[in-house]
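Single-structure report; data block below.
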Amino acid sequence: MRTSPRRRVTSNERANPVDPPQFLHGKRYRPLSQHYRERFGTKVFKVSVSAAETCPNREGLGGMRVCVFCDEWGSAAYHQHRDLPLREQIRVNREAIRRRYRAERFLVYFQAYTNTFGRIRILQQLYEQALAEEDVLGVVVGTRPDCLPRAVLRTMEAFAREHYLSVELGVQTLDDTQLQFLARGHDSACSLAAIRKLKALPDVNLCVHLMFGLPGETDAQLRKTAELLSERGVDGVKLHNLHVLQNTPLEQLYRQGEFAPVGLEEYSRKVAVFLEYLAPGIAIHRLAAVASRWDELVAPEWTREKMRSTQFIEDHLAAANTWQGRLWPPALSKQHTQQGGI
89 MRTSPRRRVT SNERANPVDP PQFLHGKRYR PLSQHYRERF GTKVFKVSVS
139 AAETCPNREG LGGMRVCVFC DEWGSAAYHQ HRDLPLREQI RVNREAIRRR
189 YRAERFLVYF QAYTNTFGRI RILQQLYEQA LAEEDVLGVV VGTRPDCLPR
239 AVLRTMEAFA REHYLSVELG VQTLDDTQLQ FLARGHDSAC SLAAIRKLKA
289 LPDVNLCVHL MFGLPGETDA QLRKTAELLS ERGVDGVKLH NLHVLQNTPL
339 EQLYRQGEFA PVGLEEYSRK VAVFLEYLAP GIAIHRLAAV ASRWDELVAP
389 EWTREKMRST QFIEDHLAAA NTWQGRLWPP ALSKQHTQQG GI
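Going left to right, the sequence shown walks through residues 89 to 430 as the numbering used here numbers them.
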């Protein structure tokens, strides 16, 4: 009887011969929906609102300037509604999501600008208004590493004892040279200190925002970032490809040939490298950015379509036969490197 030739075992399989973890929907990473289902027992959707009006950079504190990528809306998803009262924003945006996804449970996401840059009393009032709305289970707060004074942390700690609270922290990168390029106005030490402070609040869920496609970015840097965040015990990460919007400092650099956005194929490869070294229990809030205002997008074009980039990245993970946490913990990463891996 004729036998099939013996298949050659690759270095990747020798490094980690186990199968991918059982992620929700057969994915090769832990989607945010899995965290929500385990936490709430049902599907949950974010309702984005605009409550903050500015940030330290826009105020020019300490000589800071606007981040190179930030447009006039401060990353607001529904900028056309930002002048509405908070409760009206919640209701309008919630109904749009309810119709589109048949959603029933929601988290109010304070997204635009810096939502801990202001008076504590107002912050508490915003939380209370959000929770008073129908089918709202908790809140998500977007902020910066340098805007977490003790009073804000105490407010968050008290709130999280009774209600779901997730903080989305705009770290972007842990490389100080890249932070200077982005004009963030803080360094990596500030980001690490902020992560430490938030992880000291046991009931607060922490998601770290990261940008890929920055000048000078290397695979070694991506690996180190993934391992560091895993060791610090962050609960989630949200990935973002650096893209160019109109009327931003980054547009000027792009027009002058001083910045080129990364292509989808290379970005997908970077995401795969990062995910391999990220602990499998960390929720992935997003794989890539999508331009919510197409008329302002300058480059790259693939940032217009959320599903295209997500599917491309998922296909890349499948083709490479890799997944989130494949080379975590660091001991496995070291073994892989010694065997000639990435």
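Glycine residues also receive a C-beta, built at the ideal position from the N, C-alpha and C atoms. What you are looking at is a predicted structure, and each value in this text was computed from that prediction instead of being measured.
If you reduce the DSSP assignment to three classes, tell me which class residue i lands in.
i	result
Lys358	helix
Cys278	helix
Ser138	coil
Thr231	strand
Leu195	strand
Gly413	coil
Pro108	coil
Met89	Reliability fails at Met89, whose pLDDT of 40 lies under 50, so the model's placement of it is uncertain and the value that follows must be treated cautiously. In the structure shown, Met89 sits in coil (DSSP, three-state: anything other than H, G, I, E or B).
Val224	strand
Asn329	strand
Pro119	strand
Phe157	coil
Leu149	Any reading at Leu149 must be qualified, since the residue scores a pLDDT of 48, below 50, and its modelled position is unreliable; no value is offered.
Ala165	Low confidence applies here, because Ala165 scores a pLDDT of 48, under 50, leaving its location unreliable; read the following figure in that light. Ala165: coil per DSSP, three-state reduction.
Asn181	helix
Leu236	coil
One question on the structure: do residue i and residue j come within less than 8 Å of each other, judged by their Cβ atoms?
i	j	result
Gln347	Leu338	Correcting the residue identity first, residue 347 is Phe in this sequence and not Gln. Cβ distance < 8 Å, so Phe347 and Leu338 count as in contact.
Asp323	Ile370	yes
Ala282	Leu236	yes
Tyr215	Phe247	yes
Leu286	Leu253	no
Leu405	Arg116	yes
Arg392	Ala379	yes
Leu298	Val259	yes
Thr261	Leu211	no
Leu385	His328	no
Phe135	Val196	The question names Phe, yet the displayed sequence has Val at residue 135. A contact, by the Cβ cut-off of 8 Å.
Ala184	Lys131	no
Leu366	Ala314	yes
Gln177	Val137	yes
Arg414	Glu354	no
Pro119	Phe111	yes
Gln309	Asp263	yes
Arg320	Val361	no
Between the Cα of residue i and the Cα atoms of the options, which residue gives the shortest distance?
i	options	result
Val350	Ser397, Val180, Ser136	Ser397
Pro290	Tyr355, Arg182, Leu241, Pro368	Leu241
Ser318	His113, Trp416, Arg175	Trp416
His373	Lys326, Glu192, Phe400, Ala367	Lys326
Phe198	Arg187, Arg232, Glu183, Ala184	Arg232
Gly304	Leu352, Asp171, Arg320, Leu267	Leu267
Asp383	Pro119, Asn335, Gln399, Arg343	Asn335
Gln217	Gln340, Leu316, Pro173, Gln309	Pro173
Arg238	Arg284, Gly226, Leu225, His251	Arg284
Val296	Gln309, Leu341, Ser279	Ser279
Val255	Thr243, Asp263, Pro388	Thr243
Gly226	Thr410, Tyr124, Ala139	Tyr124
Cys155	Gln340, Arg118, Arg188	Gln340
Asp403	Trp390, Asp234, Pro368, Arg357	Arg357
Arg451	Phe133, Ser121, Met395	In the structure displayed, the chain extends from 89 to 430; residue 451 sits before or after that span and is not available.
Gln412	Gln399, Pro368, Lys394, Gly114	Pro368
Mind checking if residue i is an interface residue toward chain C, Cβ cutoff 8 Å exclusive?
i	result
Cys235	In the structure shown, chain C cannot be found, because there is only a single protein chain.
Contact between the region 211-224 and the region 265-273 (3+ Cβ pairs under 8 Å) = Contact fails: fewer than three Cβ-Cβ distances are below 8 Å.
Unbroken stretches of the alpha helix (DSSP H), 4 residues or longer, contained in the region 342-411 | Counting whole runs of 4 or more residues, the region 342-411 contains the alpha helix (DSSP H) stretches 352-364, 394-407.
Residue ranges of each beta strand (DSSP E) within the region 242-326, 3 or longer | Correct list: 252-260, 292-300.
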